[in-house]
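Some notes on the structure that comes next.
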Amino acid sequence: DAGVIQSPRHEVTEMGQEVTLRCKPISGHDYLFWYRQTMMRGLELLIYFNNNVPIDDSGMPEDRFSAKMPNASFSTLKIQPSEPRDSAVYFCASSLGRRNSPLHFGNGTRLTVT
Amino acid sequence: KQEVTQIPAALSVPEGENLVLNCSFTDSAIYNLQWFRQDPGKGLTSLLLIQSSQREQTSGRLNASLDKSSGRSTLYIAASQPGDSATYLCGEGNTGNQFYFGTGTSLTVIP
Chain A
19 DAGVIQSPRH EVTEMGQEVT LRCKPISGHD YLFWYRQTMM RGLELLIYFN
69 NNVPIDDSGM PEDRFSAKMP NASFSTLKIQ PSEPRDSAVY FCASSLGRRN
119 SPLHFGNGTR LTVT
Chain B
211 KQEVTQIPAA LSVPEGENLV LNCSFTDSAI YNLQWFRQDP GKGLTSLLLI
261 QSSQREQTSG RLNASLDKSS GRSTLYIAAS QPGDSATYLC GEGNTGNQFY
311 FGTGTSLTVI P
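Chains A and B, in that order, give the protein sequences. In terms of the numbering used here, the first sequence opens at residue 19 and continues consecutively. In terms of the numbering used here, the second sequence opens at residue 211 and continues consecutively.
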């Protein structure tokens, strides 16, 4: 299996622009998570899905952030409009959601908003 | 939101030394606990997973323990090597399948 695949690896954009991050989970995994990592706050859970349905989005910082999972093999995290404080590394992770199932992470998208 | 704390934040040891990394959590509904390794510019790689019904797991030179009653987990690394240098994070999974992470321990093994 190729693992969790995220794109792009790096994104540099100007304040006010729309940013879309993409994730392909491991085939067969029914849980998908979006995390944000910064030096100040560490890894923060933004939102997670079970069987393509959003379960908990309480970590989404504000209405500028939205996430979708139109099918079992694809999810997007969108920021519109982007702000400099959104600069961070965004990770997608997936799992089978069982007690003995590890969480698998993608390599992340490093977002810089100028 | 559950709290996960890792101590120390950074650790530097000479090659060959045994070491212990600590993780504490507040969630009483813990489902499992995972230890991860993160190399610079990379994602997190799962090292060990301990289910809530277990007390420890071992993989090679790594041993992780879990004490639910005290809300603590440790990662023991035996005979450390320079290649072990990385940031180690613990992640606590609860029965709602949410995973919360500590801020990690940055380990440097000096040759």
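Heads up, the beta-carbon is just placed ideally off N, CA and C, and yes, glycines get one too. Note that the coordinates shown come from a computational prediction; the quantities given were computed from them, not determined experimentally.
Is the CB-CB distance between residue i and residue j below 9 Å?
i, j, result
"Thr315(B)", "Thr297(B)", "yes"
"Gln24(A)", "Cys41(A)", "yes"
"Leu39(A)", "Leu95(A)", "yes"
"Val131(A)", "Glu32(A)", "yes"
"Gly192(B)", "Gly126(A)", "In the structure as shown, chain B begins at 211 and stops at 321. Residue 192(B) is therefore absent and cannot be evaluated."
"Asn70(A)", "Pro88(A)", "yes"
"Ser113(A)", "Tyr49(A)", "yes"
For chain B, find out if any of its Cβ atoms is closer than 9 Å to the Cβ of residue i; answer yes or no.
i, result
"Ser112(A)", "no"
"Gly115(A)", "yes"
"Arg40(A)", "no"
"Phe109(A)", "yes"
"Asn118(A)", "yes"
"Asn70(A)", "no"
"His47(A)", "no"
"Phe51(A)", "yes"
Have a look at residue i and residue j and give me their C-alpha separation to the nearest angstrom.
i, j, result
"Pro218(B)", "Asn232(B)", "7 Å"
"Lys86(A)", "Leu63(A)", "15 Å"
"Ser295(B)", "Cys110(A)", "24 Å"
"Phe309(B)", "Ser119(A)", "12 Å"
Give me whichever residues DSSP pairs with residue i in a beta bridge.
i, result
"His28(A)", "Arg128(A)"
"Ser93(A)", "Cys41(A)"
Would you say residue i faces chain A, with C-beta separation under 9 Å as the test?
i, result
"Gln291(B)", "no"
"Lys278(B)", "no"
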